[in-house]
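Colleague: Order-wise, the sequence lines are chains P, E, L and S. Note that our numbering has the first sequence beginning at 195, numbered continuously upward. Note that our numbering has the second sequence beginning at 195, numbered continuously upward. Note that our numbering has the third sequence beginning at 195, numbered continuously upward. Note that our numbering has the fourth sequence beginning at 195, numbered continuously upward.
Protein chains: 4
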Amino acid sequence: MMRETINRELDHDPRFTWRGGSVTRIENLSDIVFALALGMIVSSAARPETFKQLTENLLTIIPVTAAFGILFMIWNAHYVFFRRYGVADGRIILLNCILLLLVLFTAYPLRFIFDSLYGYIEGVMGDWSRLQAAGINFREAGVIMGYFALGYGLIYLVISQMYAHALSKAGLLGLSASEIAMTRQSIWIFRVQILIVALTGACAVWTPMYAFSGWIMGLIWPAALLVDRLIPVPEVDPETTTTN
Amino acid sequence: MMRETINRELDHDPRFTWRGGSVTRIENLSDIVFALALGMIVSSAARPETFKQLTENLLTIIPVTAAFGILFMIWNAHYVFFRRYGVADGRIILLNCILLLLVLFTAYPLRFIFDSLYGYIEGVMGDWSRLQAAGINFREAGVIMGYFALGYGLIYLVISQMYAHALSKAGLLGLSASEIAMTRQSIWIFRVQILIVALTGACAVWTPMYAFSGWIMGLIWPAALLVDRLIPVPEVDPETTTTN
Amino acid sequence: MMRETINRELDHDPRFTWRGGSVTRIENLSDIVFALALGMIVSSAARPETFKQLTENLLTIIPVTAAFGILFMIWNAHYVFFRRYGVADGRIILLNCILLLLVLFTAYPLRFIFDSLYGYIEGVMGDWSRLQAAGINFREAGVIMGYFALGYGLIYLVISQMYAHALSKAGLLGLSASEIAMTRQSIWIFRVQILIVALTGACAVWTPMYAFSGWIMGLIWPAALLVDRLIPVPEVDPETTTTN
Amino acid sequence: MMRETINRELDHDPRFTWRGGSVTRIENLSDIVFALALGMIVSSAARPETFKQLTENLLTIIPVTAAFGILFMIWNAHYVFFRRYGVADGRIILLNCILLLLVLFTAYPLRFIFDSLYGYIEGVMGDWSRLQAAGINFREAGVIMGYFALGYGLIYLVISQMYAHALSKAGLLGLSASEIAMTRQSIWIFRVQILIVALTGACAVWTPMYAFSGWIMGLIWPAALLVDRLIPVPEVDPETTTTN
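1. Just tell me which of E:Asp309, E:Gly345, E:Gly320, E:Val337 has its CA closest to the CA of E:Val297.
2. Which chain S residues are close to P:Leu294, counting only those with a beta carbon under 7 Å from its beta carbon?
3. Along the chain, where does the alpha helix (DSSP H) that runs through E:Pro303 open and close?
4. In angstroms, rounded to a whole number, what distance separates the CA positions of E:Val386 and P:Asn290?
5. Taking P:Arg213 as the reference, give the member of P:Tyr314, P:Ile388, P:Tyr279 with the closest Cα.
6. Can you give the beta carbon distance from S:Ser224 to P:Ser216, rounded, assuming they're within the 8 Å contact cut?
7. Give a yes or no on whether 9 Å exceeds the smallest Cβ distance from S:Ala328 to chain P.
8. Locate the alpha helix (DSSP H) running through L:Val386, then write down its first and last residues.
9. Cutting at 6 Å between CB atoms, please list the residues of its own chain near E:Ala301, excluding the five before and the five after it.
10. Within 10 angstroms of the Cβ of L:Arg277, are there 16 or more other Cβ atoms? Answer buried if so, exposed if not.
11. Taking Cβ positions only, does E:Trp415 come closer than 9 Å to chain P?
12. Which residues of the region 376-393 of chain E have a Cβ closer than 9 Å to any Cβ of chain P? Give them in chain order.
13. Please report the residue range of the alpha helix (DSSP H) in which S:Thr254 lies.
14. Looking at C-beta atoms only, is the number of pairs between the region 356-374 of chain E and the region 314-329 of chain E that lie closer than 8 Å three or more?
15. Within the 9 Å Cβ cut-off, does S:Asp225 reach chain L?
16. With a cut-off of 8 Å on the beta carbons, I'd call P:Ile286 and P:Val352 a contact; round off their distance for me.
17. Please list the partners that L:Leu351 has in chain S, where partner means a Cβ-to-Cβ separation under 8 Å.
18. How many Å lie between P:Ser407 and P:Ile390 at the Cα?
19. Let me make sure I understand the geometry here. Which of P:Phe384, P:Tyr404, P:Ala271, P:Ala261 has the alpha-carbon closest to that of P:Ile414?
20. Would you call the CB atoms of S:Ile264 and S:Ser310 closer than 9 Å?
21. If you run the structure through DSSP and keep just helix, strand and coil, what is E:Asn331?
22. Closer than 9 Å, Cβ to any Cβ of chain P: which residues of the region 250-263 of chain E, in chain order?
23. S:Val318: buried (16+ other C-beta within 10 angstroms of its C-beta) or exposed?
24. Which residues mark the beginning and the end of the alpha helix (DSSP H) in which E:Ser237 is found?
25. Look up P:Asp422 in the DSSP assignment and say whether it is helix, strand or coil.
26. In the DSSP assignment, find the unbroken alpha helix (DSSP H) run with S:Gly365 in it and report its ends.
27. At a CB-CB cut-off below 9 Å, which residues of chain E make contact with L:Leu289?
28. For the region 300-312 of chain L, which residues have a beta carbon sitting closer than 7 Å to at least one beta carbon of chain S?
29. Measuring CB to CB, does S:Ala392 end up less than 9 Å from S:Ala335?
30. Sort S:Gly340, S:Ala375, S:Ala364 by Cα distance to S:Ile399 and report the nearest one.
31. Give me the Cβ distance between P:Ala376 and P:Phe210, rounded to the nearest whole Å; I'm assuming they're in contact under 8 Å.
32. Closer than 9 Å, CB to CB, is L:Thr211 near chain E or not?
33. Suppose you measure from the CA of L:Ala260 to the CA of S:Leu248; what does that come to, to the nearest Å?
34. Closer than 9 Å, CB to CB, is L:Arg219 near chain E or not?
35. My assumption, with CB atoms under 8 Å, is that P:Ile349 sits in contact with P:Trp382. Please give the rounded CB distance.
36. Within 9 Å (strictly less), CB to CB, does S:Val337 reach chain P?
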């Protein structure tokens, strides 16, 4: 009980009552799949056997961190969903199954994409050997960016569907007005992300901007701020929260 | 408590009271094994190193999705069993151990089967190279379908045994009349599946229909509907459910 | 609460009150390590790529099942320990850490041992190629059996130490007279196993019986029955159990 | 409830009330990642196929045990943190994410480092072939020790930040005076470790002591004792603990 109070103060937005209780099997299965995907991103195919391999292995920390961060943000959206709404009906199980498939399937490509980006940075600094070995030129880099946009877009599409499903059950879940507004905010932030990423992908594949279109994704942050402004969350009077 | 009510309304058939509480260690171990099997289905042996490998890797999404779906349906039958009955005596632990062995053991073959099917589709569209490299002709394809039938049949045999064991403990578990009927339904749907799959396997191995016998499995859905009709679930009056 | 009653009737020996509650992190970590070891036993290094590899892969079910069964029995002893006593102090964490190391470390050798046994059966039936490829003759087979005895013995030594530690805290845990007797039984069954396995290993490595000493392990079952007879568990009157 | 009492007596320092309840998803995800890292340390790239490979595989128990022990101590610090404070706000999730990345990323290098150390012991006993194959000389061994110091230092830096964050929330968590003192002790022990390890790394990379600087780490234990002496934990009167 003590912990619940602490949770409400510390762990998350005080305006949202968490409906999820102890870890369910669906969350458990998902956690393991996410952890496997994290492991796939980090571990290379084989253990380093020589000093040279060890040193090269350590340099991969740069692309690994980027891919790790993106996957962890997806985990976080998944985590918040199950904590906030605690829904696990047939539709959520199906959506979750698709999400897990996408997460596992995109783990290696995700790593590949950031390896290529790192190879490009090396290239700008004078050493194009890594990108040449991988058979990547401007055209290919654009297609890779397109793959990334497709995977990222699909994953957030599934997540936004999960939030939308929770919103459609707002009555049953007893979501308050401010909770409904926050759910709507989350959904719109996901949708805006999908849109921007889709635009990035389209530019990368079909325009001569190729992978440089990646910078369009920089628009995600101002757009998220805009959504925050456009969907206001009503004030909660403190009594309501404590009665839950 | 709130969540329990939501669960009863949303998460599953309102006619069945879930006896399983928080995730037990048997479920936890099983989840990890299922997740490992999902990982084995998705991940290829090595990370893609070149642009060409990446593109080929992405095309495998088609067979991967099929195998992933079948494994997830097995997980779902396992999940519903432990949520519904919450039984974990010696016999269930033994059956569960056999199930986990079968799941882990069939993960790679399952992927292989759908890779072959995908190779066949490519073949029909003019490119038989994939199947030739794997050394598969009509005769071999039939045997592969037979392996699939064997594995699938054994897995559902074990699951149906688990449900049958729960049914034999109906008194101890306090299953209501409608819950007993639903359990019987589940068992018969599993049995009909096993029968149809066994028939498919036999035709694939011993008749010149070979792998084309796969279409016999299409009978599973009408057969399941028939079982649904033949074993009626008695109506529940709302009071009984709420007193639980 | 309902589930607890069911548990007491169904899941385990009614003479022992389970002290372990929901899954702790130590059990969670252990489950994952056990599942990884199960996966290591089952999965071969690479996915099958051709029909021939698939067929060969399927034949490995025989040694895999044996190794899987032994590992699962270790898991079960671990499971019963944490359910029965629910102890997780510094000493148990240390012993558990050693157990996990041994489990992970012996997974591949365990598979190797049963692959060799299977190769021997093939050899008796006329095909010695498998054992020859692995460089195994009578002398080597004896040493392999010795390795097995060492690993198996060490694992059960750690487990028996865990049970002995729980016994030493009998007062704090509030173990009843019959529970103490059952704990003693378990410990002696483990010790007798260790002794018989050590004898098997010694005969396999230092006598010309080599791996044929394996049959000494057949003594484990009558010995366990003997322990059961020598350490009687006092009768429990039903009231005591219900008051817990 | 019974278990709680046992926990307080047995499982941990009686002067600290554990605030963490059942396993949360953040702990669950972390456990899986730790278990994967343990698996990466133990498993070699491929299963042994011949008797000779099996025997060589068994000899790796020495470096494996060392690396396993270090990783398990990190897990223990993580475990105690979540049991003691039960905090999981945004900052802890971020720190935990970085910790998981470091744990996964350093698993293979950690194994490599202890393989090298083992190779050195073999070398002193007359067989330098292992180190030569890995391309390691005095200079390289020093750099490897530097890598180790970097990884170890970073991991404990993140952990000490987590404890420091819990300390900053002492009011909200309701930490008693003695609990605050114990938290401070833990933080200073981590900091002293980081300092000593950093010193070791610097000596290994930039002085001709090379990897022999490893012995500086022997200072960790006396330093920890010194911290224990310098930050006294006030006595707790028994009533306070029981009222929690």
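Idealized CB from N, CA, C, for every residue including glycine.
Modeller: Result, derived from the coordinates:
1. Sequence index remark: in the second sequence, residue 297 of chain E carries index 103 (1-based). Cα-wise, what sits closest to E:Val297 is E:Gly345.
2. If you number the first sequence from 1, residue 294 of chain P lands on position 100. In chain order: nothing, as chain S lies at least about 14 Å away.
3. The count along the second sequence starts at 1 and reaches residue 303 of chain E at position 109. 284-318 is the extent of the alpha helix (DSSP H) around E:Pro303.
4. Taking the second sequence and counting its residues from 1, one reaches residue 386 of chain E at position 192. Taking the first sequence and counting its residues from 1, one reaches residue 290 of chain P at position 96. Cα to Cα, the separation comes out at about 28 Å.
5. Start at 1 with the first residue of the first sequence, and residue 213 of chain P comes out as number 19. Considering only alpha carbons, the answer is P:Tyr279.
6. In the fourth sequence, residue 224 of chain S corresponds to position 30, counting from 1. In the first sequence, residue 216 of chain P corresponds to position 22, counting from 1. Incorrect: roughly 16 Å between the Cβ atoms, too far for contact.
7. Position 134 of the fourth sequence holds residue 328 of chain S. For S:Ala328, the answer is yes, since a Cβ of chain P falls inside 9 Å of its Cβ.
8. Numbered from its first residue, the third sequence carries residue 386 of chain L at position 192. Looking at the DSSP string, the run of the alpha helix (DSSP H) that includes L:Val386 is 371-400.
9. What you label residue 301 of chain E is simply residue 107 of the second sequence in a count that begins at 1. Beyond the five residues adjoining it in sequence on each side, E:Ala301 comes within less than 6 Å, by CB distance, of Ala231, Met234, Ile235 in the same chain, given in chain order.
10. One-based indexing of the third sequence puts residue 277 of chain L at position 83. Per the 10 Å Cβ criterion, buried.
11. Taking the second sequence and counting its residues from 1, the one referred to as residue 415 of chain E is at position 221. False, the Cβ-Cβ gap to chain P never drops below 9 Å.
12. Across the region 376-393 of chain E, no CB contact with chain P closer than 9 Å is found for any residue.
13. Against the fourth sequence, residue 254 of chain S aligns to sequence position 60. Run containing S:Thr254: none; DSSP gives neither H nor E here.
14. The region 356-374 of chain E makes no contact with the region 314-329 of chain E: fewer than 3 CB pairs, one atom from each, lie closer than 8 Å.
15. The count along the fourth sequence starts at 1 and reaches residue 225 of chain S at position 31. Judged by the 9 Å Cβ criterion, S:Asp225 is in contact with chain L.
16. Position 92 of the first sequence, counted from the first residue, corresponds to residue 286 of chain P. Position 158 of the first sequence, counted from the first residue, corresponds to residue 352 of chain P. In this structure, P:Ile286 and P:Val352 do not form a Cβ contact; the two beta carbons are roughly 11 Å apart against a cut-off of 8 Å.
17. Here residue 351 of chain L refers to the residue found at position 157 when the third sequence is read from its first residue. Under the 8 Å cutoff, chain S gives no residues; its nearest Cβ is about 15 Å from L:Leu351.
18. Taking the first residue of the first sequence as position 1, residue 407 of chain P is located at position 213. Taking the first residue of the first sequence as position 1, residue 390 of chain P is located at position 196. Between the alpha carbons of P:Ser407 and P:Ile390 lies a gap of roughly 11 Å.
19. Indexing the first sequence from 1 puts residue 414 of chain P at position 220. Ranking the options by Cα distance to P:Ile414, first place goes to P:Phe384.
20. Within the fourth sequence, the letter at position 70 stands for residue 264 of chain S. Within the fourth sequence, the letter at position 116 stands for residue 310 of chain S. For S:Ile264 and S:Ser310, no; Cβs fall outside 9 Å.
21. Taking the second sequence and counting its residues from 1, the one referred to as residue 331 of chain E is at position 137. E:Asn331 carries a coil assignment under DSSP once its states are collapsed to helix, strand and coil.
22. Of all residues in the region 250-263 of chain E, Asn251, Leu252, Thr254, Ile255, Val258, Thr259, Phe262, Gly263 have a Cβ within less than 9 Å of some Cβ in chain P.
23. Taking the fourth sequence and counting its residues from 1, the one referred to as residue 318 of chain S is at position 124. Taking all protein chains in view, the Cβ of S:Val318 is surrounded by fewer than 16 other Cβ atoms within 10 Å, so the residue is classified as exposed.
24. Numbered from its first residue, the second sequence carries residue 237 of chain E at position 43. Per DSSP, E:Ser237 lies in no alpha helix (DSSP H) and is assigned neither H nor E.
25. Counted from its first residue, the first sequence places residue 422 of chain P at position 228. The DSSP-derived three-state label of P:Asp422 is helix.
26. Sequence index remark: in the fourth sequence, residue 365 of chain S carries index 171 (1-based). Here the alpha helix (DSSP H) through S:Gly365 covers 364-367.
27. Position 95 of the third sequence, counted from the first residue, corresponds to residue 289 of chain L. Neighbourhood of L:Leu289 in chain E, by CB distance below 9 Å: empty, with the nearest CB roughly 18 Å away.
28. Answer set for the region 300-312 of chain L: Tyr302, Pro303, Arg305, Phe306.
29. Taking the first residue of the fourth sequence as position 1, residue 392 of chain S is located at position 198. Taking the first residue of the fourth sequence as position 1, residue 335 of chain S is located at position 141. Against a cut-off of 9 Å, the Cβ pair of S:Ala335 and S:Ala392 comes out as no contact.
30. Within the fourth sequence, numbered from 1, the residue matching residue 399 of chain S stands at position 205. The sequence given here has Val at residue 399 of chain S, not Ile. Considering only alpha carbons, the answer is S:Gly340.
31. On the first sequence, residue 376 of chain P is found 182 positions in, with the first residue counted as 1. On the first sequence, residue 210 of chain P is found 16 positions in, with the first residue counted as 1. The residue asked about is misnamed: residue 376 of chain P is Met in this sequence, not Ala. That pair is a contact at about 6 Å.
32. Within the third sequence, the letter at position 17 stands for residue 211 of chain L. With 9 Å as the cut-off, L:Thr211 does not count as an interface residue toward chain E.
33. On the third sequence, position 66 is the one that residue 260 of chain L refers to. On the fourth sequence, position 54 is the one that residue 248 of chain S refers to. The alpha-carbon separation between L:Ala260 and S:Leu248 amounts to approximately 19 Å.
34. As a working note, residue 219 of chain L is residue 25 in the third sequence. At a cut-off of 9 Å between C-beta atoms, L:Arg219 does not count as an interface residue with respect to chain E.
35. Here the question's residue 349 of chain P lines up with position 155 in the first sequence. Here the question's residue 382 of chain P lines up with position 188 in the first sequence. The pair is not a contact, with the Cβ atoms about 17 Å apart (cut-off 8 Å).
36. Taking the first residue of the fourth sequence as 1, we reach residue 337 of chain S at position 143. Proximity of S:Val337 to chain P, defined by a Cβ-Cβ separation below 9 Å, is satisfied.
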